[in-house]
Amino acid sequence: MAAGRAFLCAPCSSLAAGARRLAFAPPSRALAPALRRGGRCVASVSSSPNAASAPEPYVLTTPLYYVNAPPHMGSAYTTIAADAIARFQRLLEKQVIFITGTDEHGEKIATSAEASGRIPKEHCDTISNSYKMLWADLDIEYDKFIRTTDRKHEAVVNDFYSRVLNSGDIYRADYEGLYCVSCEEYKDEKELVENNCCPVHLKPCVPRKEDNYFFALSKYQHKLEELLTRNPDFVRPSHRLNEVQGWIKSGLRDFSISRASVEWGIPVPNDTKQTIYVWFDALLGYISALLDDGEQASLQQAVDRGWPASLHLIGKDILRFHAVYWPAMLMSAGMSVPDAVFGHGFLTKDGMKMGKSLGNTLEPNDLVERFGADAVRYFFLREVEFGNDGDYSEERFINIVNAHLANTIGNLLNRTLGLLKKNCRSTLAFDAIAAADGGSFRDNVENLVNKAKHHYENLLLSSACETILEIGNFGNLYIDEQAPWSCFKQGGESAEKAAKDLVIILETMRIIAIALSPITPSLSLRIHTQLGFTKDQFRVLRWEDTKWGGLKAGQVMMEPKPVFARIETETEDEAQASSKATKRGKKACSKGLVEA
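Read left to right, the sequence shown gives residues 2 to 597 (the working numbering).
In structure tokens, the structure reads:
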């Protein structure tokens, strides 16, 4: 073969003329990932034909978000992380039940509704729907969305209250103290900061005296200590466990579970003049969410659907309610506690705490509209070490996303497909296994895949991203060293080796697409589609499919097309020129008005 001519090996030559994308039958799977329908995310979780042998469900929850205001980046971060965990567990063929929703009762809700000129239910409908819309935009595939105003939820709360009442752990008493409206909780004076301000919201707590019902939390101090000793992984990460142990050791006080002054809530079953305290209400949403709409609602029915939860994912500001109050409440009702509670950190912007008064809030809708869901998901899961506080900087956001997704991953795929099109008519000449035979590349990739799996399993999402990116870096280094573009020009055995190298890189991209799919599902789908697979095949992928050998000789790749566009930013000169042009336009406009 003369140098410079396109190489087409024998297998390619015989297949290329009539080859089409191969439509392989997807492997059977009991569990299909959620599908997006009509802009909303709904899930399809089918049980095994043999119910007796069905695996235990993996129940994962976000907090039920308070609807006093639209969703912010903090709530989006929690939900993105939960979605990534749920997607990974689905790849392991777990029967995932991913629960999210909205907490819609309480004093703050009534106040917010009044301020907006709406009745509470209308206000709740609007804000709850804004969460659903944002989750769809962020590619969140939840299985259950519970609202605490749902009828089935009220039935579960009433059943639960009755159980705890029958256990002798609810009593009536007067209470007087300093109350934080934002937390909807009485505070100890020793935990307040200057001017009796709440340490979380930095707003003054107000004196309040009420005749309420109380839960005997102090009765469960010893049992909670035993729980944490027996199962130190109940609270994660470990430094959060230390916080919880400190709270318990300092002594637990009974807490109020009803409010006489709040009308917007579920009435106390044995005293309709009071409503159930928001946490004794909202926490039950994790259980009521397990019920299907329209079925007979009861606590036991919900429990039978999959309780206890495998993981509660929350922000650290509500750790006390989930790691102290909640397990004690469940013990009182004779129910199992969740397997684990994970408290992640807060987000800051440019090193500063975010707040409307500072004018530096971070709106998730704006980020998604400007940069896309994959970029937002990747940055926050890659750059924030899960469990710790993390910072957002737009400059760093753009640099990281461009370097990792556009360059390392996107450009590697694009240039490899370009070479395949030019030299092999977009058709694979070898199986992936045959192409990698005798080299160490495959072993290195498989070791990194196993490392990424370990990170996912241990909720080390940032480390999982780093490891998968390492596979991409490894692929870029390999193609640069092998220089297949030069080998094709040499022809003969060199050209055959180059054709194998392209298969090796494309198989690597296939593996990256699967391994990164919990983090960037849409990007992963685009990569997988360019490799000649269908959307239906992508939906039934398993982690097992990261094993080397998925690409086969004769497969036809799609036309090379960038899977992730670089985020372009204005240079300082461009920004100044734009600013000057705007000023000139304003002057011209003013002059025209004067002349007119």
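Ideal Cβ positions, reconstructed from N, Cα and C, are used throughout, including at glycine.
- By the Cβ rule, the stretch 252-259 counts as touching the stretch 278-295, because three or more pairs are nearer than 8 Å.
- In terms of Cβ geometry, N477 and T547 do not form a close pair [threshold 8 Å].
- By the CB criterion at 8 Å, Y287 and I472 fall outside the cutoff.
- Taking every protein chain shown into account, the CB of D84 has 16 or more other CB atoms within 10 angstroms, so this residue is buried.
- Rounded to whole angstroms, the separation of the alpha carbons of N412 and K562 is 10 Å.
- In the DSSP assignment, R209 falls within the beta strand (DSSP E) that extends over 207-216.
- For C125, no beta strand (DSSP E) segment is defined; the enclosing uninterrupted segment is the alpha helix (DSSP H) at 121-138.
- In the three-state reduction of the DSSP assignment, M74 falls in the helix class, which pools H, G and I.
- The bridge partners DSSP lists for E177 are K210.
- In the DSSP assignment, D104 is bridged to Y67.
- Residue state for S113 is assigned as helix, using DSSP reduced to three classes.
- In summary, D104 is buried, with 16 or more beta-carbon neighbours lying within 10 Å of its beta-carbon over all protein chains present.
- Sorting L193, C425, E57 by C-alpha distance to the C-alpha of A499 places C425 at the top.
- Separation of E560 and E545 (C-alpha to C-alpha, rounded to the nearest whole angstrom) is 27 Å.
- Counting other Cβ atoms within 10 Å of its Cβ, H223 stays below 16 and is therefore classed as exposed.
- Nearest neighbour of G178 by Cα position, chosen from A111, P208, F398, H154, turns out to be P208.
- Residue H154 holds the alpha-carbon nearest to the alpha-carbon of L291 among H154, F539, A82, I513.
- Per DSSP, I513 lies in no beta strand (DSSP E); the unbroken alpha helix (DSSP H) holding it starts and ends at 493-517.
- Under the DSSP assignment, H345 falls in the beta strand (DSSP E) whose first and last residues are 342-345.
- With respect to the 8 Å criterion, L552 and E508 are classified as neighbours on the basis of their beta carbons.
- Residue pairing of Y326 in beta bridges, as defined by DSSP: absent, with no partner found.
- The Cβ-Cβ distance between L135 and N366 falls below 8 Å.
- Nearest to C184 by C-alpha distance, out of C206, Y172, R164, N196, is C206.
- Bridge partners of Q96 according to DSSP: P58.
- When S333, C181, W549, L526 are compared, the shortest CA-CA separation from N451 is found for W549.
- When secondary structure is reduced to three states using DSSP, E569 falls in the coil class, being assigned neither helix nor strand.
- Inter-residue distance for K423 and Q483 is about 17 Å (C-alpha atoms, whole angstroms).
- Within the stretch 443-489, the runs of alpha helix (DSSP H) at least 4 residues long that lie entirely inside it are, in chain order, 462-483.
- As the crow flies, the alpha-carbon of K188 is around 33 Å from that of S299.
- Taking the Cα of P64 as reference, the smallest distance to any Cα among D318, E142, V369 is reached at D318.
- Each residue's CA atom was taken as its position, placing Q90 and A334 some 30 Å apart.
- Within the same chain, I128, S131 come within 7 Å of P71 by CB-CB distance, once the 5 residues on both sides are set aside.
- Scanning the stretch 410-438 for uninterrupted alpha helix (DSSP H) segments of 4 residues or longer gives 413-425, 433-437, listed from N- to C-terminal end.
- Following the DSSP letters along the chain, one finds D392 inside the beta strand (DSSP E) bounded by residues 391-393.
- A residue is called buried when at least 16 other Cβ atoms come within 10 angstroms of its Cβ; E370 does not meet this threshold and is exposed.
- Positions of the alpha helix (DSSP H) runs, each at least 4 residues long and wholly inside the stretch 219-243, are given as 222-231 in order along the chain.
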